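Below: the structure, in structure tokens.
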Amino acid sequence: MTEPEKTDKKEKKERIPRQPMPEQDPRLRVTNFDEVPTGYSPETAVLEAKRCIQCKKPGCVSGCPVDIDIPGFVRLVADGDFLGAARKIKETNCLPAVCGRVCPQEDQCEKLCILGKKWDPVAIGRLERFVADYERNAGTIEIPALPASTDRRIAVVGAGPAGLTIAGDLVKMGHDVTIFEALHKSGGVLIYGIPEFRLPKGIVDAEVEYLRKIGVKIVTDAAIGRLKTIDDLFAEGFHAVFLGVGAGAPVFMNIPGENFSGIYSANEYLTRSNLMKAYRFPEYDTPIAKGKNVAVIGGGNVAMDSVRTALRLGAENATIIYRRTKNEMPARAEEVHHAEQEGVQFKFLTNPIEYIGDEKGWVRQMICQRMELGEPDESGRRRPVVIKGSEYAVDVDTVVVSVGTMANPVIPMTTPGLDTNRWGYIVTKDETGETTRKGVWAGGDIVTGSATVILAMGAGRKAARAIHDYVMSL
Amino acid sequence: MHRITEKIVLSENIVKTVFEAPEIAKKRKAGQFVILMIDDKGERIPLTIVDSDPVKGTLTIIYQVVGKTTDQLAQLEPGDVIQHVLGPLGHPTEIDGFKTAVCVGGGVGIGVLYPIAKALKEKGTRVISIIGARTKKMLILEDETRGASDELHVTTDDGSYGFHGFVSDVLRDLIAAGTKIDRVFAIGPVPMMRVVANVTRPHHIKTLVSLNPIMVDGTGMCGACRVTVGGKTKFTCVDGPEFDGHEVDFGLLMSRLRMYVDQEQEAKERCRCGKND
Numbered sequence: 001m002t003e004p005e006k007t008d009k010k011e012k013k014e015r016i017p018r019q020p021m022p023e024q025d026p027r028l029r030v031t032n033f034d035e036v037p038t039g040y041s042p043e044t045a046v047l048e049a050k051r052c053i054q055c056k057k058p059g060c061v062s063g064c065p066v067d068i069d070i071p072g073f074v075r076l077v078a079d080g081d082f083l084g085a086a087r088k089i090k091e092t093n094c095l096p097a098v099c100g101r102v103c104p105q106e107d108q109c110e111k112l113c114i115l116g117k118k119w120d121p122v123a124i125g126r127l128e129r130f131v132a133d134y135e136r137n138a139g140t141i142e143i144p145a146l147p148a149s150t151d152r153r154i155a156v157v158g159a160g161p162a163g164l165t166i167a168g169d170l171v172k173m174g175h176d177v178t179i180f181e182a183l184h185k186s187g188g189v190l191i192y193g194i195p196e197f198r199l200p201k202g203i204v205d206a207e208v209e210y211l212r213k214i215g216v217k218i219v220t221d222a223a224i225g226r227l228k229t230i231d232d233l234f235a236e237g238f239h240a241v242f243l244g245v246g247a248g249a250p251v252f253m254n255i256p257g258e259n260f261s262g263i264y265s266a267n268e269y270l271t272r273s274n275l276m277k278a279y280r281f282p283e284y285d286t287p288i289a290k291g292k293n294v295a296v297i298g299g300g301n302v303a304m305d306s307v308r309t310a311l312r313l314g315a316e317n318a319t320i321i322y323r324r325t326k327n328e329m330p331a332r333a334e335e336v337h338h339a340e341q342e343g344v345q346f347k348f349l350t351n352p353i354e355y356i357g358d359e360k361g362w363v364r365q366m367i368c369q370r371m372e373l374g375e376p377d378e379s380g381r382r383r384p385v386v387i388k389g390s391e392y393a394v395d396v397d398t399v400v401v402s403v404g405t406m407a408n409p410v411i412p413m414t415t416p417g418l419d420t421n422r423w424g425y426i427v428t429k430d431e432t433g434e435t436t437r438k439g440v441w442a443g444g445d446i447v448t449g450s451a452t453v454i455l456a457m458g459a460g461r462k463a464a465r466a467i468h469d470y471v472m473s474l
Numbered sequence: 001m002h003r004i005t006e007k008i009v010l011s012e013n014i015v016k017t018v019f020e021a022p023e024i025a026k027k028r029k030a031g032q033f034v035i036l037m038i039d040d041k042g043e044r045i046p047l048t049i050v051d052s053d054p055v056k057g058t059l060t061i062i063y064q065v066v067g068k069t070t071d072q073l074a075q076l077e078p079g080d081v082i083q084h085v086l087g088p089l090g091h092p093t094e095i096d097g098f099k100t101a102v103c104v105g106g107g108v109g110i111g112v113l114y115p116i117a118k119a120l121k122e123k124g125t126r127v128i129s130i131i132g133a134r135t136k137k138m139l140i141l142e143d144e145t146r147g148a149s150d151e152l153h154v155t156t157d158d159g160s161y162g163f164h165g166f167v168s169d170v171l172r173d174l175i176a177a178g179t180k181i182d183r184v185f186a187i188g189p190v191p192m193m194r195v196v197a198n199v200t201r202p203h204h205i206k207t208l209v210s211l212n213p214i215m216v217d218g219t220g221m222c223g224a225c226r227v228t229v230g231g232k233t234k235f236t237c238v239d240g241p242e243f244d245g246h247e248v249d250f251g252l253l254m255s256r257l258r259m260y261v262d263q264e265q266e267a268k269e270r271c272r273c274g275k276n277d
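So the protein sequences, as listed, match chains A and B.
Using this note's numbering, you'd call the opening residue of the first sequence number 1 and step up by one each time.
Using this note's numbering, you'd call the opening residue of the second sequence number 1 and step up by one each time.
So this is what it looks like as structure tokens:
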């Protein structure tokens with residue numbers, strides 16, 4: 001917690017400090033996959049909520065991609081009406097237990113909290129999580145009254161954050177909504193990507209179950225583009241289609257030896273562990289390499305999830321290899337902090353250029369280059385430049401490549417009239433996500449490239465309004 | 001949920017299972033595959049579709065019992081269910097425009113080869129098939145393949161049936177005899193496909209091989225199934241499953257297939273122990 005720079009003398013006495021989040025002890029938690037932060041108690045939540053000064057023009061709301069009435073729900077928490085607070089959030093956000101955990105609040109609502117100018121911002125994310133958990137644990141999740149059916153059918157492709165959000169919104173407007181998901185479970189990145197210790201899968205299942213209860217139909221094991229094309233969906237009588245298929249294809253670095261056994265994409269490593277529950281092998285059938293010396297290449301949130309998974313799978317050395325410095329890392333500060341607490345090692349200004357394998361084709365060494373920071377590049381971050389002659393070898397037995405993802409080509413390939421840009425992402429005409437194909441909207445990572453859960457949800461929300469207007473005009 | 005309608009043990013450890021998957025059955029073309037997961041604790045494994053019946057809404061798969069999942073699959077009887085089936089995946093086989101094609105199949109690979117031979121034949125291609133197995137009782141689909149071929153050669157490694165030798169030996173002889181071949185399809189164990197590719201390479205006969213690496217999602221999301229083809233990394237699930245045999249790095253494919261050999265052994269043993277309880 002940072003110390004306030006200047007403190008008003010009068011207020012110093014009475015001001016309640018930002019309430020810390022209780023967490024599992026780092027030494028204990030690296031031995032399990034249970035959630036790291038354990039959540040506020042009702043007393044702590046009320047105390048934290050009382051810090052909110054109920055601004056007339058709340059900055060926090062303008063920082064929220066789904067326009068949650070933040071002062072409204074925080075006041076209800078302060079008054080002890082936790083279920084009322086949950087209902088208030090759900091007016092605009094159908095996945096609060098997820099967002100309370102994985103949103104980068106420090107860059108959104110909390111960044112714009114007026115208290116943050118002088119002191120620490122209200123812990124909006126922790127409060128959101130608290131009320132969502134309270135409601136779920138109380139078993140009192142309310143099913144809202146739904147309007148009369150509009151007889152309009154909408155297909156949503158992909159059961160990730162964008163798809164789940166838009167499905168919830170459209171069903172609440174009286175439409176008949178079907179989600180098609182390629183995997184055997186719904187949730188998209190919430191299920192296959194984000195680890196149990198950061199987002200327990202039971203929570204995602206509960207949020208999906210809520211959508212089913214309010215009438216969303218979900219078809220799993222449905223590979224749209226292969227089993228059915230977008231044209232087939234229209235032929236079956238759907239009036240509009242939303243594509244929220246994510247930026248699912250992993251990027252590799254194309255360096256020698258990258259296909260040796262023991263080298264994974266972060267997508268594969270996390271999918272094995274999270275979706276397939278390989279960390280519980282052999283109770284579950286899917287195996288995963290339990291390396292002793294694990295290197296994770298990259299500095300984003302997915303890299304942090306991977307390296308912390310490696311520790312929990314028993315790695316003796318779990319190391320982040322990043323070509324810039326700590327300052328340029330795209331991962332959330334909280335994730336980096338958690339990783340450091342747990343014993344993750346960081347090798348900055350380092351980049352792999354080749355892998356060496358053994359006679360069985362298993363990776364044994366990684367040749368790295370040292371880097372230094374040069375002039376800023378187009379992203380505004382200082383460009384890493386190779387230090388000539390600085391190559392050295394590191395022993396590794398498992399490597400996770402986490403340098404980003406790109407668009408999966410299957411749907412654009414099989415959908416005439418759907419334009420993509422030069423990176424393969426779907427082109428949208430406006431901020432509602434309308435594509436170049438009539439009746440088809442898109443949102444989330446398949447439009448923006450890899451971003452956050454909440455931005456995908458925001459895209460789903462905007463498209464929902466536009467699709468509603470469109471189908472009602474038919 | 002996909003109900004099993006038929007199960008036949010074809011040879012010692014090769015099994016044929018037919019199950020309901022009406023939507024996939026309507027769409028599927030020769031060469032495509034499914035990912036299946038028997039139950040919610042299961043592994044996702046890719047299996048090429050051998051046949052489909054769009055009227056009955058069924059798919060046929062043929063597989064060799066090699067690990068826990070295939071063992072478990074082989075235990076399922078008509079009426080039992082497979083929880084999850086995803087497909088049809090991968091590109092269909094290109095079957096147009098060949099006068100003469102040679103279909104080379106080894107072991108359980110004959111199951112995958114047969115629908116391709118059938119599809120080629122339906123297009124009016126002259127089909128010469130060469131199928132082989134280690135020994136006579138492991139040979140599958142002989143009659144079916146014969147029905148889909150203009151000419152059939154059978155080999156066994158031990159000489160217990162047909163030509164005593166390898167499928168690649170017969171192919172070599174056909175080429176030496178001056179047979180004009182437009183395309184070779186080779187499907188079977190990795191060493192067999194590698195040898196066939198080596199036989200046709202000097203003669204510049206394009207040879208397609210169908211690869212069956214380890215997969216997880218099967219939709220291009222994870223990269224578990226990556227192979228090196230012509231020095232470039234390809235994902236078998238979305239770029240394949242068929243590739244130019246002259247370009248595939250078979251050594252890499254084999255080592256990646258053995259990635260979990262220890263865990264597979266462990267899982268299989270536990271599975272076996274469970275049965276004796």
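C-beta: ideal position from N, C-alpha, C; glycine also.
This structure is a prediction, so every number in the text was calculated from the model and none was measured.
| Query | Result |
| --- | --- |
| Run through DSSP, which three-state label would cysteine 237 (chain B) get? | helix |
| For chain B, check one thing: does any of its Cβ atoms lie closer than 8 Å to the Cβ of phenylalanine 281 (chain A)? | yes |
| Where does asparagine 408 (chain A) sit, in a helix, a strand or coil, going by DSSP? | coil |
| What residue does the beta strand (DSSP E) around phenylalanine 346 (chain A) start on, and which one ends it? | 345-347 |
| Output the boundary residues of the alpha helix (DSSP H) element that contains alanine 78 (chain A). | 70-78 |
| Which residues of chain A have a Cβ atom closer than 7 Å to the Cβ of lysine 283 (chain B), listed in chain order? | Outside the shown range of chain B, which is 1 to 277, sits residue 283 (chain B), and nothing can be said about it. |
| Quick check on DSSP: helix, strand or coil for glycine 458 (chain A)? | helix |
| List the DSSP bridge partners of glutamine 341 (chain A). | Looking at the DSSP assignment, glutamine 341 (chain A) forms no beta bridge with any residue, so it has no partner. |
| Could you name the residues of chain B that aspartate 305 (chain A) contacts, counting a contact when the two beta carbons are closer than 9 Å? | Those do not exist, as aspartate 305 (chain A) stays about 15 Å from chain B at its closest Cβ, beyond 9 Å. |
| Short of 7 Å in beta carbon distance, which residues of its chain neighbour glutamate 196 (chain A), apart from the five on each side in sequence? Order them along the chain. | Phe33 and Asn274 |
| Which class does serine 261 (chain A) belong to by DSSP, given the choice of helix, strand or coil? | strand |
| So who's on the other strand from tyrosine 63 (chain B), going by DSSP bridges? | B:Val15 |
| So that I know if they touch, is there some Cβ in chain B lying closer than 8 Å to that of lysine 477 (chain A)? | Residue 477 (chain A) cannot be examined here, being either before or after the span of chain A that is shown, 1 to 474. |
| Helix, strand or coil, according to DSSP, for proline 200 (chain A) in the structure here? | coil |
| Note the first and the last residue of the continuous beta strand (DSSP E) segment covering valine 98 (chain A). | Counting along the chain, valine 98 (chain A) falls outside any beta strand (DSSP E), though it belongs to the alpha helix (DSSP H) covering 96-102. |
| Which chain A residues sit within Cβ distance under 8 Å of glutamine 263 (chain B)? | Phe281, Pro282 and Pro287 |
| Do valine 336 (chain A) and alanine 310 (chain A) have their beta-carbon atoms positioned less than 8 Å apart in this structure? | no |
| Please confirm if glycine 87 (chain B) has its CB atom under 8 Å from at least one CB of chain E. | The displayed structure is made up of protein chains A and B, and chain E is not among them. |
| Beta-carbon of histidine 91 (chain B) versus every beta-carbon of chain A: anything under 8 Å? | no |
| Under 8 Å by Cβ, that's how I've got valine 241 (chain A) and leucine 233 (chain A) pegged, so tell me the actual separation to the nearest angstrom. | 6 Å |
| Per DSSP, what kind of secondary structure is aspartate 173 (chain B) in: helix, strand or coil? | helix |
| Chain B partners of asparagine 267 (chain A), CB-CB under 8 Å? | Met221, Cys222 and Gly223 |
| Expressed to the nearest angstrom, what Euclidean distance is found between the alpha-carbon atoms of lysine 10 (chain A) and glutamate 135 (chain A)? | Residue placement at lysine 10 (chain A) is poorly supported in this model, since its pLDDT is 47, which falls under 50; the coordinates still yield a value, given next. Answer to the nearest angstrom: the Cα atoms are 38 Å apart. |
| Does the CB of lysine 7 (chain B) have a neighbour CB from chain A at under 8 Å? | no |
| Helix, strand or coil for asparagine 274 (chain A)? Go by DSSP, reduced to three states. | helix |
| Please go through the same chain and pick out, in chain order, the residues whose beta-carbon is closer than 6 Å to the beta-carbon of aspartate 430 (chain A), but skip the five residues on each side of it. | none |
| Just to make sure I have the definition right: I need the residues of chain B whose C-beta is within less than 7 Å of the C-beta of histidine 184 (chain A). Which are they? | Met37 and His84 |
| Grab me the residues of arginine 226 (chain B)'s own chain with a C-beta within less than 6 Å of its C-beta, minus the 5 sequence neighbours each way, in chain order. | Thr233 and Phe235 |
| Which residues in the same chain have their Cβ closer than 6 Å to the Cβ of valine 189 (chain A), if we skip the five residues on either side of it in sequence? | Gly160 |
| Hey, would you say isoleucine 53 (chain A) sits closer than 8 Å to leucine 146 (chain A), going by beta carbons? | no |
| Against chain A, does lysine 206 (chain B) count as a neighbour if the rule is that its beta carbon must be under 8 Å from one of theirs? | no |
| I want to verify the contact list: residues of chain A whose CB lies under 9 Å from the CB of serine 210 (chain B), in sequence order. | Result: empty, since nearest Cβ-Cβ is about 17 Å, beyond 9 Å. |
| Quick check on the DSSP output: the alpha helix (DSSP H) that includes alanine 197 (chain B) runs from which residue to which? | 190-200 |
| DSSP beta-bridge partners for serine 210 (chain B)? | B:Glu242 |
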